[in-house]
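S.K.:
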Amino acid sequence: MRKYPVITMHSAQAGVWPHFSELDIDLRGCVVRICKFLGQDLDDTQIDLVVEHSSFKAMKENVMSNWTQSELIDNSKGSFLRKGVAGDWKSLFTVAQSEYFDKIYEEKMKDVNVKFFWEESS
């Protein structure tokens, strides 16, 4: 299994597609890749600042990113940003729901020309 998730694209639509797990494992590396893709040459201090403000903890505490002031989210039913744990969504599904999701996902994604890391490792 890879150290970090990778998405490969088999066409000219290449871009930067960081996955939550990759951000969790190597946030700084993702920031550097995104900067390179955008043609931005940031020094280490600037990258550190982006990493600091892009961490799950910082975003969960920031009302600009956590949707606590939005009328679109009913925060009485839970927070928009939950735990920050990769793959934790699976703990909310029953076995039947997980199987149903896998079936629908496979059906809907069959023609998408993107290979996700979790598909490569299974």
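Numbers 1 to 122, taken from UniProt numbering, label the letters of the sequence shown in order.
Every residue gets a Cβ at the ideal spot worked out from N, C-alpha and C, and that includes glycine.
All figures in this text were calculated on a predicted structure; none of them were measured in a lab.
Report yes if the C-beta distance between Ile63 and Val50 is below 8 Å; otherwise report no.
M.R.: Counting from one through the sequence shown, the residue named residue 63 turns up at place 63. Counting from one through the sequence shown, the residue named residue 50 turns up at place 50. First, the amino acid is wrong: residue 63 is Val here, not Ile. No, the Cβ-Cβ distance between Val63 and Val50 is not below 8 Å.
S.K.: Have a look at Lys108 and Glu99 and give me their C-alpha separation to the nearest angstrom.
M.R.: On the sequence shown, residue 108 is found 108 positions in, with the first residue counted as 1. On the sequence shown, residue 99 is found 99 positions in, with the first residue counted as 1. Their Cα atoms are separated by approximately 14 Å.
S.K.: Can you tell me the Cα-Cα spacing of Ile25 and His53, whole angstroms?
M.R.: As a position in the sequence shown, residue 25 is number 25, starting the count at 1. As a position in the sequence shown, residue 53 is number 53, starting the count at 1. In a straight line, the C-alpha of Ile25 is about 16 Å away from that of His53.
S.K.: What's the gap between the Cα of Thr45 and the Cα of Arg28?
M.R.: Here residue 45 is taken as the residue at index 45 of the sequence shown, counted from 1. Here residue 28 is taken as the residue at index 28 of the sequence shown, counted from 1. Whole-angstrom Cα-Cα distance: 12 Å.
S.K.: Indicate the three-state DSSP secondary structure (helix, strand or coil) for Val95 in the structure shown.
M.R.: Residue 95 sits at position 95 when you count from the first residue of the sequence shown. Correct three-state label for Val95: helix.
S.K.: Is the beta carbon of Met79 less than 8 Å from the beta carbon of Asn66?
M.R.: Mapped onto the sequence shown, residue 79 falls at position 79. Mapped onto the sequence shown, residue 66 falls at position 66. First, the amino acid is wrong: residue 79 is Ser here, not Met. Contact flag set, yes.
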